[in-house]
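Undergrad:
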Amino acid sequence: MAFQYYLDAFRNYATFTGRARRSEYWYFVLFNLIATVLCMGVDNALGTTIDPLPYGYVYYLYNLAVIVPSLSIGTRRLHDVGKSGWMILIALIPLVGAIWLLVLFCTDSNFGTNQYGPNPKGIGNDQDDENLIQNIGQ
1 MAFQYYLDAF
11 RNYATFTGRA
21 RRSEYWYFVL
31 FNLIATVLCM
41 GVDNALGTTI
51 DPLPYGYVYY
61 LYNLAVIVPS
71 LSIGTRRLHD
81 VGKSGWMILI
91 ALIPLVGAIW
101 LLVLFCTDSN
111 FGTNQYGPNP
121 KGIGNDQDDE
131 NLIQNIGQ
């Protein structure tokens, strides 16, 4: 199931609407990191590193291919916590932006449906769930 999240990110590479769970985002990050390390290994094994740069063609081609899916899943993850997808640009602020984005990516989903769609966990998406939770709290 975990690798499925990685594949889903590529299938939904142009989907910047909706929401993505934390597990979907972080499994994509994990398998992306593994693929990046494998690409670096392939470049070193084939001797295709570009002289002044530390990596080679396989590494750079993979990273070009993964830019749009990364932005897409990051945007959907931000939607899950109730933030605009444009918040991903906060990473351009040195240090503080990356830390704030990390906090947002680690934050739990908004309960129920928000302006970006239903909760992907399926919790609180209809009135029955909300009534059940209110009754439990009493």
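Numbering (the UniProt record's numbering), first residue to last: 1 to 138. We put the beta carbon where it would ideally sit given N, CA and C, even for glycine.
1) In chain order, which continuous runs of the alpha helix (DSSP H) of length 4 or greater are located wholly inside the segment 78-109?
2) According to DSSP, T49 sits in a beta bridge with which residue or residues?
3) For Y25, which option in Y5, Y57 and L61 has the closest C-alpha, if you only look at C-alpha atoms?
4) Assign N32 to one of three DSSP states: helix, strand, or coil.
5) Would you tell me roughly how many angstroms separate the C-alpha atoms of P54 and G82, rounded to the nearest one?
6) According to DSSP, is D128 helix, strand or coil?
TA: Let's see:
1) Whole alpha helix (DSSP H) segments, 4+ residues: 96-106.
2) G56
3) Y5
4) helix
5) 39 Å
6) For D128, the predicted structure reports a pLDDT of 47, less than 50, and the residue's modelled location is therefore unreliable. The matter cannot be settled from this model.
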